[in-house]
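Asker:
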Amino acid sequence: MPKKINARVKLTISLTMISVILGLMLSMQYKNTRAAANTQSQVTTTDPKAQYTADQLSRIKEQNKALEGDIEKLRKELYEFEKQATQAGNNVPPEVRDDLTKYKIMAGVLPVKGPGISFTVTDSIKDGQTTNLLITHDSDLRMMVNEMFIGGAEAIAINDQRITTTSGIICIGPIVMINGVKVSPPFEFKAVGQAQTMMATFELRGGVFDLLGDPGGRALSFSKPKMHPSLTLPAYAGDFNGLSE
Amino acid sequence: MIWIPVIGLALGVFLGLSLDLSLSLQYSSYLSIAILAALDTVFGGIRASLERSFDSSVFISGFFFNTLLAALLAFIGVQLGVDLYLAAVFAFGVRLFNNIAAIRRLMVNRSRTQTGK
Numbered sequence: 001m002p003k004k005i006n007a008r009v010k011l012t013i014s015l016t017m018i019s020v021i022l023g024l025m026l027s028m029q030y031k032n033t034r035a036a037a038n039t040q041s042q043v044t045t046t047d048p049k050a051q052y053t054a055d056q057l058s059r060i061k062e063q064n065k066a067l068e069g070d071i072e073k074l075r076k077e078l079y080e081f082e083k084q085a086t087q088a089g090n091n092v093p094p095e096v097r098d099d100l101t102k103y104k105i106m107a108g109v110l111p112v113k114g115p116g117i118s119f120t121v122t123d124s125i126k127d128g129q130t131t132n133l134l135i136t137h138d139s140d141l142r143m144m145v146n147e148m149f150i151g152g153a154e155a156i157a158i159n160d161q162r163i164t165t166t167s168g169i170i171c172i173g174p175i176v177m178i179n180g181v182k183v184s185p186p187f188e189f190k191a192v193g194q195a196q197t198m199m200a201t202f203e204l205r206g207g208v209f210d211l212l213g214d215p216g217g218r219a220l221s222f223s224k225p226k227m228h229p230s231l232t233l234p235a236y237a238g239d240f241n242g243l244s245e
Numbered sequence: 001m002i003w004i005p006v007i008g009l010a011l012g013v014f015l016g017l018s019l020d021l022s023l024s025l026q027y028s029s030y031l032s033i034a035i036l037a038a039l040d041t042v043f044g045g046i047r048a049s050l051e052r053s054f055d056s057s058v059f060i061s062g063f064f065f066n067t068l069l070a071a072l073l074a075f076i077g078v079q080l081g082v083d084l085y086l087a088a089v090f091a092f093g094v095r096l097f098n099n100i101a102a103i104r105r106l107m108v109n110r111s112r113t114q115t116g117k
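So the sequence lines, in the order shown, correspond to chains A and B.
Going letter by letter, the first sequence gives residues 1 to 245 in UniProt numbering.
Going letter by letter, the second sequence gives residues 1 to 117 in UniProt numbering.
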């Protein structure tokens, strides 16, 4: 009998010990899987090399973001220096300085602040149609951007991506890429310029917004456009296809 | 008596979640295969104890040996470009089911003999 009890004690002790280790392993793995699911760019794969590459990709993306912040800061500094240089009374006439500012705004490298309007557009919630008609496409965004510029916009940003002279609005699968950055609906348009005329483009019968929002057609959901006395658009922080400034 | 290992398991999970232990994501696949081996060993141990052929040194050495071997096998597989990982998943998966089936059969038999008395 004592031998049997001894065996049971031994069994319990070893089983408990192993259970603790197993529990530890399970929870660690659980945390790992959760961490992998949380970060979108990180793919869980059984191949460590693919995993390593995915990790590196997300790291580089973060670095890029930080570097873009640096570019923005340096551009601002440069702008301040230029302002000082012209104010110091060099022989740069004020028209040249104004022109420079104007072209920089047009190029999108300066943050803009001024009166403007904002609205959001997102996929249609209507059903009973093919999905292709209901989602907001890159071509829709391009049409809207064109319409806004025609309607008196001086600068436009979609989801804080400033539309510049070299901005591409392209479709990559289910989402849209602007300035090489992925943006997804709802798309928030901000436009600085003549607020009144821009508002009027929404009322234009047969205009882009009328067509895209038509309840009998595409029926994209537009929010009611709002006028703002002062709106700030961020500057574009990427590079210009290798052009130096 | 049977609850003590279960409490141990809960303690292990609690420790793992509360302590800031984390493994680099790229080794996650080795850990998963090691977990499978460990589960297999634990169920094997339970089965052996029901069959009254439990040997604690065999059990503990089996746990560590199987776990490490599974991870090593997966590692070698990655180096050679062969999915040895799958072989381990398959082997341990089959054994796991066999062990659970044996445990179930033993339990059923035991309850049958008890009611028979």
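Ideal Cβ positions, reconstructed from N, Cα and C, are used throughout, including at glycine.
Within the region 9–84 of chain A, note down every full beta strand (DSSP E) run reaching 3 residues or more, in order along the chain.
Answerer: none
Asker: Using beta carbons (cut-off 9 Å, strictly below), is L9/B in contact with chain A?
Answerer: Within the second sequence, residue 9/B is the residue found at index 9, counting from 1. Closer than 9 Å: yes.
Asker: For K100/B, name the three-state secondary structure that DSSP assigns.
Answerer: Within the second sequence, residue 100/B is the residue found at index 100, counting from 1. In the sequence as presented, Lys is not what sits at residue 100/B; that position holds Ile. Here I100/B sits in helix by DSSP.
Asker: Would you say K49/A lies against chain B (beta-carbon separation less than 9 Å)?
Answerer: For the purposes of this step, residue 49/A is identified with residue 49 of the first sequence, where counting begins at 1. Yes, K49/A lies at the interface with chain B (some Cβ there is under 9 Å from its Cβ).
Asker: With DSSP as the reference, identify every bridge partner of F119/A, one or two as the case may be.
Answerer: For the purposes of this step, residue 119/A is identified with residue 119 of the first sequence, where counting begins at 1. Answer by DSSP bridge pairing, in chain order: F189/A.
Asker: Can you tell me whether T232/A is helix, strand or coil according to DSSP?
Answerer: Residue 232/A sits at position 232 when you count from the first residue of the first sequence. Strand at T232/A.
Asker: So what does DSSP say about K102/A, is it helix, strand or coil?
Answerer: Reading the first sequence from its first residue, position 102 is the one you call residue 102/A. Here K102/A sits in helix by DSSP.
Asker: In angstroms with no decimal places, state the Cα-to-Cα distance between L96/B and A37/B.
Answerer: Mapped onto the second sequence, residue 96/B falls at position 96. Mapped onto the second sequence, residue 37/B falls at position 37. Answer to the nearest angstrom: the Cα atoms are 9 Å apart.
Asker: Using the beta-carbon of each residue, which ones in chain E are nearer than 8 Å to G93/B?
Answerer: No chain E is present in this structure, whose protein chains are A and B.
Asker: Tell me, please, whether the region 153–162 of chain A touches the region 184–201 of chain A by the rule of three or more beta-carbon pairs shorter than 8 Å.
Answerer: The region 153–162 of chain A and the region 184–201 of chain A touch, with no fewer than 3 CB-CB distances between them shorter than 8 Å.
Asker: Take N109/B and list the residues in its own chain whose beta-carbon comes closer than 6 Å to its own, dropping the five residues that flank it on each side.
Answerer: By one-based count along the second sequence, residue 109/B stands at place 109. Answer for N109/B: no residue qualifies.
Asker: What residue does the beta strand (DSSP E) around V181/A start on, and which one ends it?
Answerer: As a working mapping, residue 181/A is identified with position 181 in the first sequence. 181–183 is the span of the beta strand (DSSP E), which, as asked, contains V181/A.
Asker: Does A155/A have its Cβ less than 9 Å from a Cβ in chain B?
Answerer: Locating residue 155/A in the first sequence gives position 155, where the first residue counts as 1. No, because no Cβ of chain B sits closer than 9 Å to the Cβ of A155/A.
Asker: For the region 46–65 of chain B, which residues have a beta carbon sitting closer than 7 Å to at least one beta carbon of chain A?
Answerer: S49, F54, S56, F59, I60, F63
Asker: Do L15/A and S49/B have their C-beta atoms closer together than 9 Å?
Answerer: Locating residue 15/A in the first sequence gives position 15, where the first residue counts as 1. Locating residue 49/B in the second sequence gives position 49, where the first residue counts as 1. Closer than 9 Å, so yes.
Asker: What first and last residue would you give for the beta strand (DSSP E) that runs through E203/A?
Answerer: On the first sequence, position 203 is the one that residue 203/A refers to. Taken as a continuous stretch (DSSP letters only), E203/A belongs to no beta strand (DSSP E), being part of the alpha helix (DSSP H) at 195–203.
Asker: Which class does E51/B belong to by DSSP, given the choice of helix, strand or coil?
Answerer: Translated into the one-based positions of the second sequence, residue 51/B becomes position 51. If DSSP states are grouped into helix, strand and coil, E51/B belongs with coil.
Asker: Tell me whether the beta-carbon of F64/B lies closer than 9 Å to the beta-carbon of S27/A.
Answerer: Along the second sequence, one-based indexing puts residue 64/B at 64. Along the first sequence, one-based indexing puts residue 27/A at 27. No, these two residues do not count as a Cβ contact at 9 Å.
Asker: Give the DSSP bridge partners of G216/A, in chain order.
Answerer: By one-based count along the first sequence, residue 216/A stands at place 216. Paired residues: none, contrary to the question.
Asker: Is the CB-CB distance between L134/A and S118/A below 9 Å?
Answerer: The residue you call residue 134/A lines up with position 134 of the first sequence. The residue you call residue 118/A lines up with position 118 of the first sequence. No, the pair does not count as a contact, with Cβ atoms beyond the cut-off.
Asker: Tell me whether the beta-carbon of M144/A lies closer than 9 Å to the beta-carbon of L212/A.
Answerer: Here residue 144/A refers to the residue found at position 144 of the first sequence. Here residue 212/A refers to the residue found at position 212 of the first sequence. Their beta carbons are under 9 Å apart, which means M144/A touches L212/A by this criterion.
Asker: I need the straight-line Cα distance from R112/B to S24/B, nearest angstrom please.
Answerer: Numbered from its first residue, the second sequence carries residue 112/B at position 112. Numbered from its first residue, the second sequence carries residue 24/B at position 24. So the two alpha carbons sit approximately 49 Å from each other.
Asker: Between G44/B and the ligand HEM, is there a pair consisting of the residue's CB and a ligand heavy atom that are separated by less than 8 Å?
Answerer: Ligands displayed in this structure: none; no statement on the ligand HEM is therefore possible.
Asker: From I150/A, S167/A, N146/A, L141/A, pick the residue whose C-alpha is nearest to that of A107/A; which is it?
Answerer: Position 107 of the first sequence, counting from 1, holds the residue named residue 107/A. Out of I150/A, S167/A, N146/A, L141/A, S167/A has the C-alpha closest to the C-alpha of A107/A.
Asker: So, using beta-carbon positions, are A34/B and T67/B closer together than 9 Å?
Answerer: For the purposes of this step, residue 34/B is taken as the residue at position 34 of the second sequence. For the purposes of this step, residue 67/B is taken as the residue at position 67 of the second sequence. Their beta carbons are under 9 Å apart, which means A34/B touches T67/B by this criterion.
Asker: Would a check of beta-carbon distances place Q40/A closer than 9 Å to chain B?
Answerer: Within the first sequence, residue 40/A is the residue found at index 40, counting from 1. Note that Q40/A scores a pLDDT of 46, beneath 50, so its modelled location is shaky; the value from the coordinates is reported in the next line. Taking Cβ atoms only, chain B never reaches closer than 9 Å to Q40/A, which makes this a no.
Asker: When the Cα atoms are used, what is the spatial distance from S41/A to L57/A?
Answerer: Here residue 41/A corresponds to residue number 41 of the first sequence, with the count starting at 1. Here residue 57/A corresponds to residue number 57 of the first sequence, with the count starting at 1. Its pLDDT being 47, under 50, S41/A is placed unreliably in this model, and the value from its coordinates should be taken loosely. Each residue's Cα considered, the two are about 8 Å apart.
Asker: Hey, is I13/A's beta-carbon within less than 9 Å of any beta-carbon in chain B?
Answerer: What you label residue 13/A is simply residue 13 of the first sequence in a count that begins at 1. It does: the Cβ of I13/A has a partner Cβ on chain B nearer than 9 Å.
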